[in-house]
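Numbering (UniProt numbering) for the sequence shown: 1 to 191. Glycine included, C-beta positions come from ideal geometry on N, C-alpha and C. First comes the structure, then the notes that go with it.
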Amino acid sequence: MRAVVKIGGSLLADPPRLSAVLAELADGGQGPCVVVPGGGPDADAVRAAQREEGFSDAQAHRRALGAMGATAARFRAIEPCLVTSLAPWDDTSPEMVLVWDPALLCDGHPDIPETWDVTSDSLALWLASRIGAPACTLVKSADAPRGCDAHTLSRIGLVDAAFPDFARCFSGAITIWGPGGPVPIRRREAA
Numbered sequence: 001m002r003a004v005v006k007i008g009g010s011l012l013a014d015p016p017r018l019s020a021v022l023a024e025l026a027d028g029g030q031g032p033c034v035v036v037p038g039g040g041p042d043a044d045a046v047r048a049a050q051r052e053e054g055f056s057d058a059q060a061h062r063r064a065l066g067a068m069g070a071t072a073a074r075f076r077a078i079e080p081c082l083v084t085s086l087a088p089w090d091d092t093s094p095e096m097v098l099v100w101d102p103a104l105l106c107d108g109h110p111d112i113p114e115t116w117d118v119t120s121d122s123l124a125l126w127l128a129s130r131i132g133a134p135a136c137t138l139v140k141s142a143d144a145p146r147g148c149d150a151h152t153l154s155r156i157g158l159v160d161a162a163f164p165d166f167a168r169c170f171s172g173a174i175t176i177w178g179p180g181g182p183v184p185i186r187r188r189e190a191a
């Protein structure tokens with residue numbers, strides 16, 4: 001069973017760390033996994049274009065999925081042994097590490113709202129649920145405070161607004177892996 005490892009597009013601004021993370025994954029350091037790429041600077045460009053051109057959130061969401069695909073290509077350029085997968089939920093690939101290109105979601109999916117509330121963070125959890133992953137790790141350029149839950153992470157802006165809802169639907173372990181190392185995210189207690 002593959003875990004999901006989301007690598008933030010912000011790591012493109014930190015080439016040594018990005019290369020080290022990709023090399024560790026390619027060497028099997030995290031076991032079999034699917035890498036979910038963040039949108040990075042291409043997603044930022046979509047946000048700017050939406051402000052200038054005024055296109056809908058649905059169109060912005062679809063363009064941001066394309067930004068994630070562009071980041072996936074950058075990851076493969078850094079670590080050529082990585083293999084692209086459009087549908088890792090149907091995967092029988094023997095490769096240890098796959099890089100997900102979410103292009104198949106460009107026609108929409110009933111489980112995924114097409115707004116800026118859903119970014120690659122929530123998409124990583126959605127994919128982890130879909131493939132029955134035992135864990136979902138988000139590699140970030142910032143550390144998570146210890147002892148946080150998904151709601152707190154969303155409130156402080158470390159993850160997107162939809163993340164708590166997607167986290168509630170995922171039964172595996174969730175970890176934020178910042179520069180200071182991995183921090184497990186605790187489940188929110190029922191009110």
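Span of the beta strand (DSSP E) around residue i
{"i": "Ala3", "result": "3–7"}
{"i": "Ile174", "result": "173–178"}
{"i": "Ser154", "result": "That residue, Ser154, is in no beta strand (DSSP E); its alpha helix (DSSP H) goes 150–155."}
{"i": "Ser85", "result": "83–85"}
Separation of residue j from residue i, as counted between CA atoms
{"i": "Ala20", "j": "Ala67", "result": "22 Å"}
{"i": "Arg17", "j": "Gly178", "result": "10 Å"}
{"i": "Gly180", "j": "Thr115", "result": "31 Å"}
{"i": "Asp27", "j": "Asp107", "result": "34 Å"}
{"i": "Leu153", "j": "Pro113", "result": "20 Å"}
{"i": "Gly69", "j": "Pro182", "result": "25 Å"}
{"i": "Asp117", "j": "Asp165", "result": "11 Å"}
Assumed close pair residue i, residue j - CB separation to whole angstroms, cut-off 8 Å
{"i": "Trp100", "j": "Leu127", "result": "6 Å"}
{"i": "Gly40", "j": "Ser10", "result": "6 Å"}
{"i": "Val34", "j": "Leu104", "result": "Going by Cβ atoms, the distance from Val34 to Leu104 rounds to 14 Å, so no, they are not a contact pair."}
{"i": "Ser141", "j": "Asp14", "result": "6 Å"}
Minimum C-alpha distance to residue i - residue among the options
{"i": "Ala73", "options": "Val36, Ala3, Val183, Ile156", "result": "Val36"}
{"i": "Ile7", "options": "Arg130, Ser122, Ser154", "result": "Ser122"}
{"i": "Glu24", "options": "Ser10, Val5, Pro41, Leu12", "result": "Val5"}
{"i": "Ile131", "options": "Ser141, Ala43, Ala58, Thr92", "result": "Thr92"}
{"i": "Ala124", "options": "Leu22, Pro184, Thr175", "result": "Thr175"}
{"i": "Ala64", "options": "Asp165, Asp44, Pro88, Arg76", "result": "Asp44"}
Opening and closing residue of the alpha helix (DSSP H) in which residue i lies
{"i": "Thr115", "result": "Unbroken run through Thr115: none, as it is neither H nor E."}
{"i": "Ala167", "result": "163–168"}
Open item on the list: Three or more C-beta pairs under 8 Å: does that hold for the stretch 162–170 against the stretch 129–146?
Closed with: yes
- [ ] Would you be able to state if there are at least three C-beta pairs under 8 Å between the stretch 140–147 and the stretch 76–95?
- [x] no
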